[in-house]
Amino acid sequence: MKIPSNILTLIAGIALTLICLWYGQNHGLMPIAASAEARTVDELFNFMMTIATGLFLLIEGVLIISIFKFRRRKGDLTDGPPIEGNIPLEIVWTAIPAVIVFILAIYSFEVYNKMGGLDPMASHDMGTQMAHHHHNDNLVALDLEGQEMALGLGASPGNKDEESLVVDVNGLQYAWLFTYPDTGVVSGELHVPVNRQVTLNISAADVIHAFWVPQLRLKQDAVPGREAQLTFVPDRVGEYPIICAELCGAYHGAMKTTLFIETEAEYNQWVQNNTFAQESFLDEAVANYHVP
Amino acid sequence: MSTATETKENPVSQNGHGSSHKQRKWQDYFTFSTDHKVIGIQYLVTSFFFYFIGGFLAEIVRTELATPDPDLVQPEMYNQMFTMHGTIMLFLWIIPAGAAFANYLIPLMIGAEDMAFPRLNAVAFWMIPVGGVLLISSFFVGAPQAGWTSYPPLSLMSGKWGEEIWIMSLLILGTSSILGALNFGITILTMRIPEMDLNSMPLFCWSMLATSALVLIGTPVLAAALILLSFDLIAGTSFFNPVGGGDPIIYQHMFWFYSHPAVYIMVMPFFGVISEVIPVHARKPIFGYRAIAYSSLAIAFLGLIVWAHHMFTSGTPGWLRMFFMATTMLIAVPTGIKIFSWCATIWGGKIELNSAMLFGIGFISSFLIGGLSGVMVAAVPFDIHVHDTYFIVAHFHYVLFGGSVFALFAGLYHWFGKMTGRMLNETWGRIHFALTFIGFNMTFLPMHQLGLLGMNRRIALYDPQFQSLNQVCTIGSYILAVSTLPLVINVLWSLIKGKKAGRNPWRALTLEWQTTSPPAIENFESEPVLWAGPYEYGIDSENEDEEDVEDMLTEVSAQS
Ligand code: HEM
Ligand SMILES: [Cu+2]
Ligand SMILES: [Cu+2]
Numbered sequence: 003m004k005i006p007s008n009i010l011t012l013i014a015g016i017a018l019t020l021i022c023l024w025y026g027q028n029h030g031l032m033p034i035a036a037s038a039e040a041r042t043v044d045e046l047f048n049f050m051m052t053i054a055t056g057l058f059l060l061i062e063g064v065l066i067i068s069i070f071k072f073r074r075r076k077g078d079l080t081d082g083p084p085i086e087g088n089i090p091l092e093i094v095w096t097a098i099p100a101v102i103v104f105i106l107a108i109y110s111f112e113v114y115n116k117m118g119g120l121d122p123m124a125s126h127d128m129g130t131q132m133a134h135h136h137h138n139d140n141l142v143a144l145d146l147e148g149q150e151m152a153l154g155l156g157a158s159p160g161n162k163d164e165e166s167l168v169v170d171v172n173g174l175q176y177a178w179l180f181t182y183p184d185t186g187v188v189s190g191e192l193h194v195p196v197n198r199q200v201t202l203n204i205s206a207a208d209v210i211h212a213f214w215v216p217q218l219r220l221k222q223d224a225v226p227g228r229e230a231q232l233t234f235v236p237d238r239v240g241e242y243p244i245i246c247a248e249l250c251g252a253y254h255g256a257m258k259t260t261l262f263i264e265t266e267a268e269y270n271q272w273v274q275n276n277t278f279a280q281e282s283f284l285d286e287a288v289a290n291y292h293v294p
Numbered sequence: 154m155s156t157a158t159e160t161k162e163n164p165v166s167q168n169g170h171g172s173s174h175k176q177r178k179w180q181d182y183f184t185f186s187t188d189h190k191v192i193g194i195q196y197l198v199t200s201f202f203f204y205f206i207g208g209f210l211a212e213i214v215r216t217e218l219a220t221p222d223p224d225l226v227q228p229e230m231y232n233q234m235f236t237m238h239g240t241i242m243l244f245l246w247i248i249p250a251g252a253a254f255a256n257y258l259i260p261l262m263i264g265a266e267d268m269a270f271p272r273l274n275a276v277a278f279w280m281i282p283v284g285g286v287l288l289i290s291s292f293f294v295g296a297p298q299a300g301w302t303s304y305p306p307l308s309l310m311s312g313k314w315g316e317e318i319w320i321m322s323l324l325i326l327g328t329s330s331i332l333g334a335l336n337f338g339i340t341i342l343t344m345r346i347p348e349m350d351l352n353s354m355p356l357f358c359w360s361m362l363a364t365s366a367l368v369l370i371g372t373p374v375l376a377a378a379l380i381l382l383s384f385d386l387i388a389g390t391s392f393f394n395p396v397g398g399g400d401p402i403i404y405q406h407m408f409w410f411y412s413h414p415a416v417y418i419m420v421m422p423f424f425g426v427i428s429e430v431i432p433v434h435a436r437k438p439i440f441g442y443r444a445i446a447y448s449s450l451a452i453a454f455l456g457l458i459v460w461a462h463h464m465f466t467s468g469t470p471g472w473l474r475m476f477f478m479a480t481t482m483l484i485a486v487p488t489g490i491k492i493f494s495w496c497a498t499i500w501g502g503k504i505e506l507n508s509a510m511l512f513g514i515g516f517i518s519s520f521l522i523g524g525l526s527g528v529m530v531a532a533v534p535f536d537i538h539v540h541d542t543y544f545i546v547a548h549f550h551y552v553l554f555g556g557s558v559f560a561l562f563a564g565l566y567h568w569f570g571k572m573t574g575r576m577l578n579e580t581w582g583r584i585h586f587a588l589t590f591i592g593f594n595m596t597f598l599p600m601h602q603l604g605l606l607g608m609n610r611r612i613a614l615y616d617p618q619f620q621s622l623n624q625v626c627t628i629g630s631y632i633l634a635v636s637t638l639p640l641v642i643n644v645l646w647s648l649i650k651g652k653k654a655g656r657n658p659w660r661a662l663t664l665e666w667q668t669t670s671p672p673a674i675e676n677f678e679s680e681p682v683l684w685a686g687p688y689e690y691g692i693d694s695e696n697e698d699e700e701d702v703e704d705m706l707t708e709v710s711a712q713s
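Protein sequence lines correspond, in order, to chains A and B.
Okay, so the first sequence: first residue is 3 according to the working numbering, each after it adds one.
Okay, so the second sequence: first residue is 154 according to the working numbering, each after it adds one.
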């Protein structure tokens with residue numbers, strides 16, 4: 003039985019669609035997501051994977067079929083058909099990528115906005131002097147000092163009025179230093195309570211570093227002489243790596259620490275232990291100073 | 154390398170190699186020759202020399218990465234290795250190799266005797282070995298170790314002299330590139346035979362036109378950035394050094410203003426090569442000549458306004474991130490046009506699946522992956538996750554290796570006969586292709602996953618959970634190393650024993666095939682005749698009396 007070729011094409015088309023829809027959701031390439039924002043990034047990635055898989059199969063398919071179907075026979079010295087183009091077809095394959103990237107750009111824009119990348123209120127306030135560390139200043143496009151742009155990601159539009167736990171992050175060769183202005187805790191690890199908005203003020207002491215938590219899908223360079231921000235709401239208890247993602251010298255690969263997303267109780271306990279430890283450490287230092 | 158001026162050029166070197174016209178002697182290739190064909194081959198051989206060095210460094214990098222600990226080389230040494238690997242591969246391998254094809258082919262394709270400025274051309278070439286040897290010599294004082302991007306302040310703090318040598322050698326290589334581009338552009342615009350208008354020149358010339366424009370616009374900005382960096386390094390100024398109030402982000406803008414266009418400088422000549430190779434071996438006209446030609450110009454233009462996509466996580470405010478995301482995504486359109494057009498050229502043809510065509514099709518299939526991951530990293534929210542990870546390492550090797558290098562090999566198998574008079578061996582060519590294709594995908598495909606899962610780039614020690622994937626990559630890189638053996642054997646063997654090429658072994662239509670192989674010293678014994686467009690295949694099948702292209706060509710060249 004010979005199946006007509008347009009039916010074959012139809013079947014191939016359906017199979018291709020199913021494969022890329024399935025693979026787009028089930029590639030399993032991303033690590034665990036520890037925030038709602040991270041999951042929106044994953045949805046964006048899945049969408050891109052779906053389209054990419056479709057295009058990949060289509061074009062590799064064309065190449066493979068060509069290799070088998072359109073081979074020159076031995077001794078055949080004639081040429082193929084003198085087709086020099088096909089305007090409608092060319093318009094179609096200009097339009098399809100154009101539409102795809104248009105949709106993708108809008109979608110990415112949406113996701114970026116959801117992550118707090120653009121805050122219309124903040125940009126509206128451009129030019130006015132804003133107080134340093136105003137609690138919900140998600141000044142994405144504004145400098146904290148009011149002269150330069152601040153960098154990074156602010157609060158998601160829905161969380162704007164929420165109070166952030168502020169942590170100052172300082173990158174230096176080859177360690178991260180976390181300072182909690184509210185409690186005075188200084189630590190080499192980052193501890194945050196789950197489901198509470200966190201704002202990191204990121205800076206660098208010597209060279210450029212980059213603060214990256216793969217499970218939050220967040221990364222921001224720490225540039226000496228500049229301040230940058232990342233705001234996020236962690237929602238999954240666990241221990242995650244904090245990685246320096248910008249080459250910063252010989253031991254760049256070793257510049258790593260851990261993000262602890264903890265329950266409220268665990269977090270408070272940790273703060274207490276550390277405040278305590280630091281106070282007694284300070285007392286001791288002061289005491290020693292006064293001894294002689 | 155640099156036995157520069159031991160023999161003076163001897164343009165009328167008469168010797169009978171059993172041929173009617175003057176031939177180059179092997180010594181000519183070591184001199185300051187102004188013949189574009191000699192220069193082209195000088196470029197090609199020199200770039201291959203550096204390819205082997207760059208490849209050797211890559212094997213050290215991969216061997217180090219076989220285990221999570223830094224055990225083969227010290228971390229500091231590791232940074233030198235990948236910095237030199239990247240710099241050599243870009244500035245001494247792929248850019249000079251593009252210039253090699255441009256030098257060799259442009260005058261032949263447009264029916265000229267030589268380039269517009271032959272002496273300048275020779276100067277441009279000889280700067281390459283000078284810059285290259287200088288760069289390699291940095292190993293004696295401690296090679297640069299701030300990556301090929303050399304961001305301050307790190308580049309100002311890690312080994313002064315290695316860094317300074319890196320800057321000097323890049324300035325030399327950049328100048329060479331500017332001189333070359335001037336020559337290519339002016340030659341293409343002014344020296345075509347009268348019958349050839351812009352829209353009937355081979356697509357390789359179009360792509361070199363776009364490339365040259367990018368070189369001329371971009372490279373001076375790189376030079377400026379490097380000179381300022383050099384002041385900071387040597388004279389202690391603070392253009393980019395935050396300690397004295399400088400701004401390291403300005404360097405990044407200047408660097409990428411050149412270096413994004415530079416990726417097109419590295420790949421567009423090879424788009425041109427593919428547009429030549431594929432129609433010939435598919436025996437079909439190129440599909441959509443104008444679309445391919447003008448899309449090169451579109452890519453060049455857009456390539457100038459996307460640079461900050463390399464800086465999404467650095468000093469780029471939100472609204473600028475969105476702007477550069479949009480322009481970057483737009484590049485997918487002209488790039489897509491090219492890929493679809495190449496596929497449509499192959500579709501329905503009569504494919505001769507020889508080594509050149511294998512590498513050509515291998516190019517499309519690998520470059521496709523680099524293009525798809527390229528659109529992904531244009532999306533800011535996703536790029537924030539994968540920036541500076543192995544996902545990026547995978548992406549740019551799919552573009553530079555899967556793209557440029559595969560096409561370069563396609564071009565080598567395609568034009569070797571023209572350049573040397575002898576054909577490369579097909580069996581060895583196929584072995585070379587198979588090993589390269591397998592090794593390449595095995596080395597770089599798993600890197601996508603590594604990056605997504607959390608492995609950052611430029612590290613000698615990594616999390617043990619990534620070891621198994623890394624070992625796959627390392628084995629792949631060894632296959633790649635082995636893949637160069639059949640190539641080397643093939644080239645050496647074919648130079649001596651290869652099948653004679655004749656004028657036109659592929660029955661191709663562009664002008665370079667109308668002259669002898671290798672071409673006479675001033676290319677054509679008589680004015681070449683433009684009797685067909687560059688891709689008018691299929692006309693003979695309409696001819697009843699089976700006169701094949703070769704006969705027509707020999708007839709044409711015998712007429713005068
Ligand atoms: C021979 C096969 C090759 C292998 C096995 C290889 C492997 C690698 C690896 C593993 C890295 C990452 C190093 C790190 O981040 O720690 C790297 C970086 C790089 N490679 Fe390759 N590569 C090869 C060929 C090429 C080619 C042909 C090109 C260009 C035409 C190229 C250009 C680069 C560049 C620009 C970098 C970035 C260097 C940097 O981070 O400063 N490579 N290569
Ligand atoms: Cu680092
Ligand atoms: Cu770029």
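Just so you know, even glycine gets a beta-carbon here, dropped at the ideal spot from N, CA and C.
Here the structure is a predicted model, which is why all the values come from computation and not from measurement.
Residue environment: E248 of chain A is assigned as buried (16 or more neighbouring CB atoms within 10 Å of its CB, all protein chains considered). Proximity of the beta carbon of L197 of chain B to ligand 2 is not indicated: no heavy atom of the ligand is located closer than 7 Å. F493 of chain B is positioned such that its CB atom lies no closer than 8 Å to that of V426 of chain B.
Looking at the DSSP output, T260 of chain A sits in a beta bridge with A:P243. Closer than 7 Å at the C-beta level to chain A, one finds these residues of the segment 484-508 of chain B: A485, V486, G489, I490, I492, F493, C496, I499, W500, G501, G502, K503, I504, E505, L506. With a threshold of 7 Å, the Cβ atom of L614 of chain B does not count as near ligand 2, since no heavy atom of the ligand is closer than that. Under the three-pair Cβ rule at 8 Å, the segment 477-497 of chain B does not count as touching the segment 152-172 of chain A. Residue pairing by DSSP places Q231 of chain A opposite A:G154, A:N203 in a beta bridge.
Of A:V43, A:W178, A:G227, A:M117, the smallest CA-CA separation from V530 of chain B is found for A:V43. For S311 of chain B, the chain A residues whose Cβ falls inside 7 Å of its Cβ are G251, in order along the chain. Per DSSP, K571 of chain B is one residue of the alpha helix (DSSP H) stretching across 559-573.
Of the heavy atoms belonging to ligand 1, none sits nearer than 7 Å to the Cβ of V420 of chain B. Pairing L457 of chain B with A256 of chain A gives a Cβ-Cβ distance that is not under 8 Å. Across the set A:T260, A:T259, A:V225, A:P243, the C-alpha of A:V225 shows the shortest separation from the C-alpha of T469 of chain B. Taking each of A:L31, A:G63, A:Y176 in turn and checking the Cα distance to N48 of chain A, the smallest one comes out for A:L31. Proximity of G56 of chain A to chain B, defined by a Cβ-Cβ separation below 8 Å, is not satisfied. Look at H254 of chain A: its beta carbon is less than 7 Å from one of the heavy atoms in ligand 2. DSSP, read as helix, strand or coil, puts S166 of chain A in coil. Per the C-alpha coordinates, the member of B:L307, B:I281, B:Y543 positioned closest to T328 of chain B is B:I281. When the alpha-carbon of I204 of chain A is set against those of A:G186, A:I5, A:C246, the nearest one is in A:C246. Judged by their CB atoms, L155 of chain A and L232 of chain A are nearer to each other than the 8 Å cut-off. With respect to the 8 Å criterion, L225 of chain B and T216 of chain B are classified as neighbours on the basis of their beta carbons. Taking the C-beta atoms as reference points, I331 of chain B is found no nearer than 8 Å to A435 of chain B. Q298, A299, G300, T302, Y304, P305: these are the residues of the segment 277-305 of chain B whose beta carbon lies less than 9 Å from some beta carbon of chain A, given in chain order.
Unbroken beta strand (DSSP E) stretches of 3 residues or longer found wholly inside the segment 399-486 of chain B: none. Around the beta carbon of Q227 of chain B, fewer than 16 other beta carbons sit within 10 angstroms, so the residue counts as exposed. Taking each of A:G118, A:D170, A:F180, A:F104 in turn and checking the Cα distance to T259 of chain A, the smallest one comes out for A:F180. For M510 of chain B, the distance from the CB to the nearest heavy atom of ligand 1 is not below 7 Å. For G441 of chain B, the shortest separation between its Cβ and any heavy atom of ligand 1 does not lie below 7 Å.
Within the model, the alpha-carbon separation for A497 of chain B versus L622 of chain B is close to 36 Å. In this structure, C626 of chain B has its CB at a distance of at least 7 Å from all heavy atoms of ligand 2. With a beta-carbon spacing of about 7 Å, P297 of chain B and Q233 of chain B fall inside the 8 Å limit used to define contacts. Taking C-alpha positions only, I210 of chain A is separated from D223 of chain A by approximately 7 Å. Contact check for G186 of chain A against T277 of chain A passes: the beta carbons are separated by less than 8 Å.
Under a 10 Å Cβ-count criterion, D78 of chain A is classified as exposed, with fewer than 16 other Cβ atoms of the shown protein chains found around its own Cβ.
Here the segment 367-387 of chain B makes no contact with the segment 339-349 of chain B; the two share fewer than three CB pairs at distances below 8 Å.
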